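Trainee:
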Amino acid sequence: MAKGKGTVIIAENGQPASKRAARQLRQKFEAAGYMTAGSLDRGAELIVCIGGDGALLGLLAEYDFPGLPIAGINTGHLGFFQDVSSRKLDEFVFNYSRGNYRKQIYRTVYADIRGAGGDGAAERLKGLNEIVIRGGKSHSTHLNIFIGDSFIEQFCGDGVVVSTPAGSTAYNYSLGGSIVDPRLELLQLTPIAPINSTAYRSFTSGILLPPDKTIGIFPEYPKSDEILVTADGVEHEYLGPESISLGFGKETVTILRFREYDFWDTVKQKLL
Ligand code: NAP
Ligand code: MN
């Protein structure tokens, strides 16, 4: 597939190795006939994101999930999303300009937070990996959890994580959640330190949900009415929200894969 030469946005995470790779890539793309940009240009054909997974998550938050295809260059991080080595920039530009890649499309998760002041409208947070809900000031948090219209339980513990398949290898995995093959479309609700005692009963395993189900969370406030909602590592604090609903978002994230990419090879290499 031959491509017309458009604009490539080059973003990096500020580390010296990433800045160096960005300089080299600008030259290589321009030598190959592309224009380059250092900030969001909605007409661009590609975003190159240099760093680790954290750099990609930061870029999605900064650009508010721009929808453009993204290629990740890894400068020495874990790099689940960043599978092009910064030592192979020539090969990367060559393969990109010839269309030698596959597009991998990830779904995102949203949280609508209602009743925490403001004008009454819900505030929406978005994540590629996950959205985490916990109490403020290290208090245990009490959350009435609904799946669709069904009340499931009053959860007591540190909080819950709602993870996409992409995020299943991140925080979710550290909590004992399942690693999800990205070809499956599901959301995973995983507890953080659930309390089980004669006073409280909370689910202890992850719960897997189909894409059309929404999760409703109605906090109870026995101690503190602060709720912390964290989307891909960025924390937001709310005072006394009435409800938080979560589900698959309409935004998707398209990552270009250049090698013979196999998810389970990546899991074996990076996690085991
Ligand atoms: P960070 O503290 O640097 O992230 C922790 C680690 O998670 C990094 O090694 C990061 O990779 C890796 N990571 C991110 N997304 C991943 C994914 N989808 N699959 C496998 N590993 C992944 O912070 P950050 O770089 O800004 O990343 C934010 C993420 O950290 C959150 O979305 C959350 O999933 C994760 N987190 C994990 C824990 C935990 O496991 N206990 C606690 C809080 C947050 P890079 O080195 O390539 O950046
Ligand atoms: Mn990181």
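If you number the sequence shown the way this note's numbering does, the last residue is 1664 and the count never jumps. Using N, Cα and C, we set each Cβ at its ideal position, and we do this for glycine too. Just so you know, these numbers come straight off a predicted model, no measurement behind them.
1) What is the rounded straight-line gap between the Cα of G1491 and the Cα of R1415?
2) How would you call L1517, buried or exposed, if buried means at least 16 neighbouring beta carbons within 10 angstroms?
3) Decide if V1400 is buried, meaning its Cβ has at least 16 other Cβ atoms within 10 Å, or exposed.
4) With DSSP as the reference, label R1418 as helix, strand or coil.
5) On the CB-based measure, 16 or more other CB atoms within 10 Å of its CB, does G1527 come out buried or exposed?
6) Of all residues in the structure, which have a C-beta closer than 5 Å to any heavy atom of ligand 2, taken in chain order?
7) With distance defined between alpha-carbon atoms, name the residue in V1485, L1449 and A1453 nearest to F1473.
8) Using a threshold of 7 Å, is the CB atom of L1576 nearer than that to any non-hydrogen atom of ligand 3?
9) In three-state DSSP terms, what is A1513?
10) Can you give the Cα-Cα distance for I1497 and T1644, rounded to whole angstroms?
11) Can T1596 and G1639 be called in contact, C-beta distance under 8 Å?
12) How many Å lie between Y1502 and A1623 at the Cα?
13) Cβ atoms of L1578 and P1611: under 8 Å apart, would you say?
14) Spatial neighbours of L1451 within its chain, please: CB distance less than 8 Å, with the 5 preceding and 5 following residues excluded, ordered by chain position.
15) Enumerated in chain order, which unbroken segments of the beta strand (DSSP E) with a length of 3 residues or greater are wholly contained in the region 1443–1522?
16) Given this structure, state the Cα-to-Cα distance separating R1649 from E1437, to the nearest angstrom.
17) Find the nearest neighbour of G1598 within the set R1434, I1636 and T1582, judged by alpha-carbon distance.
18) Pull up the DSSP beta-bridge partners for T1556, would you.
19) Using only the heavy atoms of ligand 1, determine whether one of them is closer than 7 Å to the beta carbon of S1566.
20) Which residue wins for smallest C-alpha separation from N1466, given the options S1477, H1534 and I1505?
21) Assuming L1567 is part of the alpha helix (DSSP H), what are its boundary residues?
22) Out of G1569, E1629 and F1547, which one is the CA nearest neighbour of S1345?
23) Which term fits Y1488, buried or exposed, when burial requires 16 or more other beta carbons within 10 angstroms of its beta carbon?
24) Give me, in chain order, the residues of the same chain whose beta-carbon lies closer than 7 Å to that of V1659; leave out the 5 immediate sequence neighbours on both sides.
25) Who are the Cβ neighbours of R1494 in its own chain at under 6 Å, not counting the five residues just before and after it?
26) If you draw a straight line from the alpha carbon of N1564 to that of A1423, how long is it in whole angstroms?
27) If I measure Cβ to Cβ from S1410 and keep anything under 6 Å in the same chain, skipping five residues before and after, which residues do I get?
Mentor: From the atom records:
1) Here residue 1491 is taken as the residue at index 99 of the sequence shown, counted from 1. Here residue 1415 is taken as the residue at index 23 of the sequence shown, counted from 1. Straight-line Cα distance between these residues: approximately 23 Å.
2) Along the sequence shown, one-based indexing puts residue 1517 at 125. Only buried fits L1517, as 16 or more other CB atoms lie within 10 angstroms of its CB.
3) If you number the sequence shown from 1, residue 1400 lands on position 8. Buried is the call here.
4) Position 26 of the sequence shown holds residue 1418. In this structure, DSSP gives R1418 a helical state, which the three-state scheme calls helix.
5) Indexing the sequence shown from 1 puts residue 1527 at position 135. So G1527 counts as buried.
6) G1444 and G1446
7) Indexing the sequence shown from 1 puts residue 1473 at position 81. For the residues V1485, L1449 and A1453, the minimum Cα distance to F1473 belongs to L1449.
8) Of the ligands one can find in the structure shown, namely ligand 1 and ligand 2, none is ligand 3.
9) As a first step, residue 1513 must be located in the sequence shown, where it is residue number 121. DSSP places A1513 outside both helix and strand once states are collapsed to three, so it counts as coil.
10) Taking the first residue of the sequence shown as 1, we reach residue 1497 at position 105. Taking the first residue of the sequence shown as 1, we reach residue 1644 at position 252. One C-alpha to the other measures close to 7 Å.
11) Numbered from 1 along the sequence shown, position 204 holds the residue referred to as residue 1596. Numbered from 1 along the sequence shown, position 247 holds the residue referred to as residue 1639. No, Cβ-Cβ distance for T1596 and G1639 is not below 8 Å.
12) Taking the sequence shown and counting its residues from 1, one reaches residue 1502 at position 110. Taking the sequence shown and counting its residues from 1, one reaches residue 1623 at position 231. In a straight line, the C-alpha of Y1502 is about 9 Å away from that of A1623.
13) For the purposes of this step, residue 1611 is taken as the residue at position 219 of the sequence shown. For the purposes of this step, residue 1578 is taken as the residue at position 186 of the sequence shown. Contact flag unset, no.
14) Taking the first residue of the sequence shown as position 1, residue 1451 is located at position 59. Here the set comprises A1403, I1439, C1441 and I1462.
15) 1462–1466, 1494–1506 and 1515–1519
16) As a position in the sequence shown, residue 1649 is number 257, starting the count at 1. As a position in the sequence shown, residue 1437 is number 45, starting the count at 1. Cα to Cα, R1649 sits roughly 16 Å from E1437.
17) For the purposes of this step, residue 1598 is identified with residue 206 of the sequence shown, where counting begins at 1. In terms of CA proximity to G1598, T1582 leads the group R1434, I1636 and T1582.
18) Against the sequence shown, residue 1556 aligns to sequence position 164. Beta-bridge pairing links T1556 to no other residue.
19) In the sequence shown, the residue the question calls residue 1566 occupies position 174. S1566 Cβ: within cutoff of ligand 1.
20) For the purposes of this step, residue 1466 is identified with residue 74 of the sequence shown, where counting begins at 1. The shortest C-alpha separation from N1466 is found at S1477.
21) As a first step, residue 1567 is located in the sequence shown; it is residue number 175 there, counting from the start. Premise fails: L1567 is in no alpha helix (DSSP H) and is neither H nor E.
22) Residue numbering for the chain in the displayed model covers 1393 to 1664; residue 1345 lies beyond these limits and cannot be assessed.
23) The count along the sequence shown starts at 1 and reaches residue 1488 at position 96. Label assigned to Y1488: buried.
24) Counting from 1 along the sequence shown, the entry for residue 1659 is found at position 267. Once the five neighbours on either side are set aside, the close Cβ partners of V1659 are T1561 and I1571.
25) Against the sequence shown, residue 1494 aligns to sequence position 102. Cβ neighbours of R1494 beyond the five flanking positions: R1649.
26) On the sequence shown, position 172 is the one that residue 1564 refers to. On the sequence shown, position 31 is the one that residue 1423 refers to. Distance between the alpha carbons of N1564 and A1423: 42 Å.
27) Along the sequence shown, one-based indexing puts residue 1410 at 18. Excluding sequence neighbours, S1410 sits near E1404, I1442, G1443 and T1467.
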